[in-house]
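Q:
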Amino acid sequence: MMSESVRPESVGPDWEHLDRLIAAAGRTGNMGREFLHSMTEGWQASSFDDSEWTGTPPRRARRDRVAAELRGTTVLVPVGVLVRRTNDLHYPFRPGTDHMWLAGPTDAGAVLVLSAEGDWTLYVDERPPLGDPMALLDITRGAIWDGPPVPPEVLSKRLGLDVRPIDELERHVAGLSARAVRGLDPRVDALSVDDDGELEQHLARLRLIKDEYEIAQLQDAVDAAVQGFEAVATERRRLLQHGEAYVEGLFALHARSRGRGFSYTPVVGAGVHATVLHWFGNDGRIDEGDLLLLDAGVEGAELYSSDITRTLPVSGRFSAVQRDVYDIVQAAHAAALAAVRPGAPYTAAGEAARAVLVDGLRDLGVLPHPALAHLPDTEAVRRWSLHGVGHMLGADVHDAGVIAAEYAAGTYQVGHCLTIEPGLYFSPYDQWAPEHLHGVGVRIEDDVVVTADGVKVLSAALPTKAGEVESWLEDR
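7 is the number that the UniProt record's numbering gives to position 7 of the sequence shown; each next residue is one higher, with no gaps.
Written out as structure tokens, the structure reads:
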């Protein structure tokens, strides 16, 4: 069903009011009141689809659960505010994860509130609509600049929430010792008590187990990323001309056309750059004999994010040394996947991967090393493996990060979504690594969901075994 916003009938210009608005906006020198008045007339009413959003039913169930568990508590969940990039320009708005998880898509400045009685209300910034002089004067919020605002009654039907103006928020929560998701909106921080992050931790625990709707959202984000990897493989020969930046741009095309864009700053590391964990510059050259480590993901419309890494031989074939390292990492990856099952310790995947990496480094002659003799090999290996084997995945790419230590001390549960990503990295500056390994960096990362039988690999469309990777590249 379509709904139209209604504009008040014109009763003639209030010139003094327009003059005050122009002065307050700092536009006295370049805008006259006659022109501003002309911009308040001649606009057709805006039309909006007021049918219920497909993401509303699962969010209604989430809100019911949170309300039941936190009854008697006033809770504020802001979507966040615009972040200034420079002067009057802002970064693209990224909604707060907890707000999106509970409410759905809203404009910057909105706040979702749970009352002590268990009722939910969405407070929104009612942006100036067409026909309002501020639609032109307010370059951050006005309809001339940012498009017509969705009327509260339409938003209410879409999201299944009572919608009120943001100006009423302070009056409704004053003196209630409200708890809040803090750090996203200074106004909300000022209206709430500091609970040392207890609310965010509670919501993170609820978000750890994904339902079928969420897993489908993750699969969509993974599928979009797979398209990006396939595009890079297809244009592999052009990478020699254009370098790492071209890879980032090519992947970005698919990330934006299939989602909101990258789920994090990608790593495009060719040659020695593959040994740098956070190589975010992505501005190096790509040569024929290089390995290309591409760590990239897509953020979907509802924020669910993929996070995948593949290490590809640019020539289409691994060299002998590259293959030796790659096969070790792939074996560690397979061992980690096999260790993930319901009830197993969260540390099981890391331990399984580490054992394979240790054996592999012994075969390569890297371990044992006299300079690391005071450490067991299971610790010494960290010089070359550097990071953990994975993390939780969801509407944040590092999902439930505020309780990372807690879930790492627990067990895998059906519905957990996570990454499996062992790696080995031999810096060209590492005097404790054999010289023939210098500059070789390999990581293999998949996105998985824990099932009753073990794991389902959401990113299985991309090969991991060395021979299969070479065949996959040859087919493109």
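Where is the CB? At the ideal position from N, CA and C, for every residue including glycine.
Please read these numbers as outputs of a predicted model, since none were measured by experiment.
1) In this structure, how does DSSP classify tryptophan 279 when only helix, strand and coil are distinguished?
2) What separation, rounded to the nearest whole angstrom, lies between the Cα atoms of threonine 84 and aspartate 146?
3) When we look at the beta-carbon of glutamine 44 and count the other beta-carbons within 10 Å, is it buried (16 or more) or exposed?
4) What distance in whole Å lies between the Cβ atoms of valine 455 and leucine 337, which are believed to be in contact at a cut-off of 8 Å?
5) Quick one: what's proline 186 bridged to in DSSP?
6) Threshold first: 3 residues or longer. Then list the beta strand (DSSP E) segments lying entirely within the region 134 to 216, N to C.
7) Tell me, which residues are paired with glycine 423 by DSSP?
8) Roughly how many angstroms lie between the CA atoms of arginine 476 and glutamate 379, to the nearest whole one?
9) Identify which residue in Val276, Tyr91, Thr451 and Gly316 has its Cα closest to the Cα of leucine 424.
10) Can you name, in chain order, every residue of its own chain whose Cβ lies under 6 Å from the Cβ of valine 457, other than the five neighbours on each side?
11) Return helix, strand or coil for arginine 341, following the three-state DSSP convention.
12) Could you check whether leucine 393 and aspartate 307 sit closer than 8 Å to each other, using their CB atoms as the reference points?
13) If the criterion is Cβ atoms closer than 8 Å, does the pair glycine 197 and valine 397 meet it?
14) Roughly how many angstroms lie between the CA atoms of aspartate 324 and valine 181, to the nearest whole one?
15) Going by DSSP, what residues sit across from threonine 451 in a beta bridge?
16) Can you find the residues in the same chain that come closer than 6 Å, C-beta to C-beta, to glycine 343, ignoring five residues on each side of it along the sequence?
17) Mind checking whether threonine 265 and phenylalanine 251 have CB atoms under 8 Å apart?
18) Taking the CB atoms as reference points, tell me whether alanine 255 and asparagine 282 lie closer together than 8 Å.
19) Please return the same chain residues whose Cβ sits closer than 8 Å to the Cβ of proline 368, not counting the five positions on each side in sequence.
A: Reading off the structure:
1) The DSSP-derived three-state label of tryptophan 279 is coil.
2) The sequence as given places arginine at residue 84; threonine does not occur at that position. When rounded, the separation of the alpha-carbon atoms in arginine 84 and aspartate 146 is 16 Å.
3) Exposed.
4) With a Cβ gap of about 6 Å, leucine 337 and valine 455 count as contacting.
5) According to the DSSP secondary-structure assignment, proline 186 is paired through a beta bridge with no residue.
6) DSSP runs (the beta strand (DSSP E)) wholly in the region 134 to 216: 162 to 165 and 178 to 180.
7) Looking at the DSSP output, glycine 423 bridges to Arg443.
8) So the two alpha carbons sit approximately 40 Å from each other.
9) Ranking Val276, Tyr91, Thr451 and Gly316 by Cα distance to leucine 424 puts Val276 first.
10) Answer for valine 457: Asp446 and Val448, listed in chain order.
11) In this structure, arginine 341 counts as coil in the three-state DSSP scheme.
12) Cβ distance < 8 Å, so aspartate 307 and leucine 393 count as in contact.
13) In this structure, valine 397 does not lie closer than 8 Å to glycine 197 by Cβ.
14) Roughly 47 Å separates the two Cα atoms.
15) According to DSSP, which records beta bridges pairwise, threonine 451 is partnered with Gly454.
16) Excluding residues up to 5 positions away in sequence, Thr411 lie with their Cβ nearer than 6 Å to the Cβ of glycine 343 in the same chain.
17) No, the Cβ-Cβ distance between threonine 265 and phenylalanine 251 is not below 8 Å.
18) Taking 8 Å as the Cβ cut-off, alanine 255 and asparagine 282 do not qualify as a contacting pair.
19) Exclusion of the five residues before and after proline 368 leaves Arg362, Asp377 and Ala380 as the residues of its chain whose Cβ lies within less than 8 Å of its Cβ.
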